[in-house]
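All remarks here apply to the structure that follows.
Numbering (this note's numbering), first residue to last: 83 to 475.
What follows is the structure, encoded as C-alpha cells:
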C-alpha cells in the first residue's frame, strides 16, 4: 500500500491546478471587472467555480481511499477521525477569517446607513462562519471570507463520512456502478428541477452573478452538494478494488478526459449554469482522479514533480487566503493610485498569493495540525487517524 500511496502524488499536483483555476476566476471577475477576453478564454476562466465540484469529488475519493478498508466505525475512531479533519482544515480556515475580518467589518459599517436589513442578515456570519455553518443560510454563504463556504459544506461531508464508510466500503463492482449512476442522477436532479420550475424567475439566465435565493441555496447548501462527495467515495472504493493492477500508460483516455473538461469549460457560457455548477463534470473528474495515480509518465509525472507537489500541498491555503489577499491588494493599489489591471500589479498579486500560501502551509497549517494531533494524543493516549494524502477542505 505504501507504493500505491506514492502514486497519488499526481493528485496533489492536480489539486493545485484546480485551486489555481478558482483563483484565476476570482481575479478575472473581481480585479479585471472591465476587461473583455476572447470567448473561449472567457469561458475557461469564467468557469472557475467548477473547481469546487472537483474538490468535492476529490475529498470523497481521498477519504474513501484512506478509510474504507478500515472505517472509523467506533465512537473512539469517529472522534479521532473528526479531530484529524479539524486539525487539517480549521487552522488555515481561521487564518482566512482573521485576514478577511477588517474588510468584512468595514463593509458592514459602511452599508449600515443605506442597507441596515442586509447588514443584519450578513452579520449572522459573525456567528455562523466560525462554526462552519454559513452555507446553510444562503445570505451568509459568501459573507466574511467567501471561499469558506465550501468548508462549511465539507464539514457536513466529514460529519457524515464515518456513518457512510462501513456500507460503501463493502460494495462490489456492480453495486458501485449502480451507486455512481444514482449519485450522478441525484446531483443533477435538483439543478434540473430548478431549471424546470425557475423559482427565481430568471428566464434561464441564472449565473454566478445572477442568482436569486433559490439558486444560492442550490449552489451552497451542503445537502445539494452531497452527491458529488458520494461519487468521490465510490471512485475511491473502485480504485481500491483495482489496487492490485500494475500502473500503465493511458495517454489516449487521459487526453480524451482532458479535452472533455477543457471543451466544457471553454464552452461554459453555452452550458446550463445550474448543472455545470453542481456536478455536471463530476463523473469526468472521478475518472481522472481514478486513472491519474495509476498512470505512468506523461502528465502524471509532471503533476507529481517536486514544484507541483509543493504547490499542491499549499493549494488549500491558496484557496482559503486568496480572496482576502486580493481585496487587500486592491485597497493598497487604490491608495497608491495604481491600476489593479496593470501588468506589474497582476504579477505581484499572483506571486504574492503563491508565496503566502506556501508560507502559510509551512508555518501555520503543518505546525498547527501537528500541535492539535499531539494535544489529542496527550489527552486521550492515542493518535487520531491520519492519512498519507490529506483531502483539501
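For every residue, glycine included, the Cβ atom is placed at its ideal position computed from N, Cα and C.
Compute the Euclidean distance between the alpha carbons of residue i and residue j, then round it to the nearest angstrom.
{"i": "residue 116", "j": "residue 355", "result": "At residue 116, the pLDDT of 48 sits below 50, so the modelled position is not reliable; the number obtained from the coordinates is stated separately. Their Cα atoms are separated by approximately 22 Å."}
{"i": "residue 348", "j": "residue 438", "result": "30 Å"}
{"i": "residue 309", "j": "residue 253", "result": "17 Å"}
{"i": "residue 257", "j": "residue 397", "result": "34 Å"}
{"i": "residue 239", "j": "residue 278", "result": "28 Å"}
{"i": "residue 140", "j": "residue 196", "result": "42 Å"}
{"i": "residue 168", "j": "residue 371", "result": "24 Å"}
{"i": "residue 326", "j": "residue 251", "result": "17 Å"}
{"i": "residue 386", "j": "residue 231", "result": "29 Å"}
{"i": "residue 130", "j": "residue 96", "result": "14 Å"}
{"i": "residue 361", "j": "residue 135", "result": "6 Å"}
Since residue i and residue j are thought to touch, with beta carbons under 8 Å apart, how far apart are those beta carbons, to the nearest angstrom?
{"i": "residue 128", "j": "residue 350", "result": "7 Å"}
{"i": "residue 336", "j": "residue 300", "result": "About 31 Å; that fails the 8 Å criterion."}
{"i": "residue 142", "j": "residue 311", "result": "4 Å"}
{"i": "residue 318", "j": "residue 145", "result": "7 Å"}
With DSSP as the reference, label residue i as helix, strand or coil.
{"i": "residue 331", "result": "coil"}
{"i": "residue 116", "result": "Unreliable positioning characterises residue 116 in this predicted model, as indicated by a pLDDT of 48, which lies under 50. A coordinate reading is not provided."}
{"i": "residue 104", "result": "helix"}
{"i": "residue 243", "result": "helix"}
{"i": "residue 236", "result": "helix"}
{"i": "residue 359", "result": "helix"}
{"i": "residue 151", "result": "coil"}
{"i": "residue 283", "result": "coil"}
{"i": "residue 386", "result": "coil"}
{"i": "residue 374", "result": "helix"}
{"i": "residue 421", "result": "coil"}
{"i": "residue 301", "result": "helix"}
{"i": "residue 261", "result": "helix"}
{"i": "residue 211", "result": "coil"}
{"i": "residue 324", "result": "coil"}
{"i": "residue 449", "result": "helix"}
{"i": "residue 365", "result": "helix"}
{"i": "residue 252", "result": "coil"}
Taking the continuous alpha helix (DSSP H) assigned at residue i, which residues delimit it?
{"i": "residue 224", "result": "Element bounds for residue 224: n/a, residue is neither H nor E."}
{"i": "residue 131", "result": "Segment: none, residue 131 is in no alpha helix (DSSP H) and carries neither H nor E."}
{"i": "residue 202", "result": "198-204"}
{"i": "residue 180", "result": "157-193"}
{"i": "residue 410", "result": "397-418"}
{"i": "residue 426", "result": "425-442"}
In the DSSP assignment, what residue or residues form a beta bridge with residue i?
{"i": "residue 54", "result": "There is simply no residue 54 to check, as the chain begins at 83 and stops at 475 in what is shown."}
Consider the C-beta atom of residue i and the heavy atoms of the ligand GDP; say whether any pair is separated by less than 7 Å.
{"i": "residue 272", "result": "This structure lacks the ligand GDP; in fact it carries no ligand of any kind."}
Do we get a CB-CB distance below 8 Å when we pair residue i with the residues of chain D?
{"i": "residue 400", "result": "Looking for chain D here will not work: only one protein chain is present."}
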